[in-house]
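Structure first, commentary second.
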Amino acid sequence: MHSVPEDARESLSQALAVAEGLRRRALERLSAGVAAPHPEAAAKVVVWNLGSSPRLLRLEMARPLEGPFRLLGPEGEEIPYQAAGERILAAGGLEVPPLGYVALGVLEGEPAPQGGEQAVSVLGTVLENAHLRVKVAQDGSLAAFFDKDHQRRVLAGRGNQLWAYTDVPRFWEAWDVDASYEAEGQELEAAQVRVLESGPVRAGIRAEYRLGASRLEQTYWLWAGSRRLEVETVAHWQERRTLLRALFPLAVRSHEAHYETAFGAVARPTHANTSWDAARFEVPALRWADLSEAGYGVSLLNDAKYGHSARGNVLGLSLLRGSIWPDPYADVGEHRFSYALYPHAGDWRAGTVAEAEALNAPLVAVQGSGGGEGPARGRFLRLETPHLRLSALKRAEDGDGYVLRLYEAHGARGEARLDLSPLKAGRVSRVNLLEEGQEALSLEGGVLRLSYRPYEVISLRLRP
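The sequence shown begins at -11 in our numbering and counts up one residue at a time.
Right, dumping it as structure tokens:
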């Protein structure tokens, strides 16, 4: 049995390498047509946002020049950055449009003083930027988390508690988690907590753990200008019949939590008043789970973990397991993943979907020199509603045009305005998921007006 996931891992790695190569070459070709924003620039960096929402610049990339240099935005604004080994981290108030790009100029010379009111700092084990203040305890958990914008405590107790539970389901070991798993467990305590980076663009504190024969490293990252705290995890996992979970007691109360599903969201109770409720102690979800009360809430985002829970005010995330049947070596080895805590006003509709998208699909930098006549800022699709999200823009399966797939993410209905002129679409028809059907839609000056229903998936065929 062990050879099956190993073969799948190898095949998937090859597929990902091919996809990454295609994306890199496509972005390099598109970036070559973009003009450097400053005539005296020694190089340019084209920053791509492949998501559905505008993003503030937050970027990790290779150093563009060997010596000292300045990064300037399209209007000549100085972009703060800090060195991180052979790479740099850049962040600022520059907005990168959705499905679009911004070009930065790289100029030789000493950069302007870094920092300012948007910078992130470290004092002891306290991370702080303009929006958040977070204290890491000596055991590796979060001792405090304060939302400065809304003057709210985010946590009701220590956050990111790591618990290792004995995990021996009665049946179907690799599939099931028994409701009684919490009966036997221990909380992990960090062997060491230390500052890894101290800003001004990004600051990090690392906690190192041991559990049996396993080692874990968790780094709390806070970026300048960011409203989410990221937890990057590297685990060298050897444990058997063990379930590792992260728990967050929140200063929020609600009788239900919300979770992302494919093309939508679902609500589940935070109590066990009935046997039906009690049986749903773990909820499968995609990129986020959220607990919100009237006017305020907290989202738990992730990039690779799908087992969630919400009991009372405690949000939980399942991180690792160690089943021994049918594969006695399941999950043994190195794991890398991240999750994040995102406090917000309102409920999950206020920005959770966009933040989860940003965690899973960060901005992409393409470096080059000169050339090109395209504008320093551009976009390939104007989607003027926060309710609709981009799922795919792809060549049609039969080769006749392209298919643009959108979905309504907030459970709302309304009318959207899509500017398709950058895609040079002359004809648009609505099709189903199999790309069948020919319901012609009218374009006015390259603009399409489209009605949508709650959680609707919309597929459009675009032709010249």
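Glycine included, every Cβ here is placed at the ideal spot set by N, Cα and C.
Item, Value
"Beta-carbon proximity list for residue 505, same chain, < 6 Å, skipping 5 on both sides", "With the chain covering -11 to 452 only, the question about residue 505 has no answer from this structure."
"DSSP beta-bridge partners of residue 180", "196"
"Coil, strand or helix - residue 355 by DSSP", "strand"
"DSSP three-state assignment for residue 301, whether helix, strand or coil", "coil"
"Length of the line joining the Cα atoms of residue 212 and residue 108", "5 Å"
"In DSSP terms, what residue 72 is bridged to", "75"
"Inter-residue CB distance, residue 406 and residue 436 (contact presumed, cutoff 8 Å)", "4 Å"
"8 Å Cβ cutoff met for residue 230 and residue 127", "no"
"Helix, strand or coil at residue 255 [DSSP, three-state]", "strand"
"Residue of 281, 216, 271 minimising C-alpha distance to residue 243", "281"
"Where residue 2 sits in the DSSP three-state scheme", "helix"
"Separation of residue 161 from residue 283, as counted between CA atoms", "41 Å"
"Buried versus exposed call for residue 353 [16 or more other C-beta atoms within 10 Å across all chains shown]", "buried"
"From 8, 89, 438, 148, residue whose alpha carbon lies closest to that of residue 362", "89"
"Three-state secondary structure assigned by DSSP to residue 341", "helix"
"Where residue 420 sits in the DSSP three-state scheme", "coil"
"Beta carbon of residue 377 nearer than 8 Å to that of residue 301", "no"
"CA-to-CA distance, residue 423 to residue 449, given in whole angstroms", "8 Å"
"Residue 218 to residue 148 span [Cα, whole Å]", "11 Å"
"Own chain, CB closer than 8 Å to residue 227, minus 5 neighbours either side, in chain order", "152, 199, 200, 201, 202, 308, 310"
"Under 8 Å between C-beta atoms of residue 443 and residue 399", "yes"
"Residue 49 - partner residues in DSSP beta bridges", "76"
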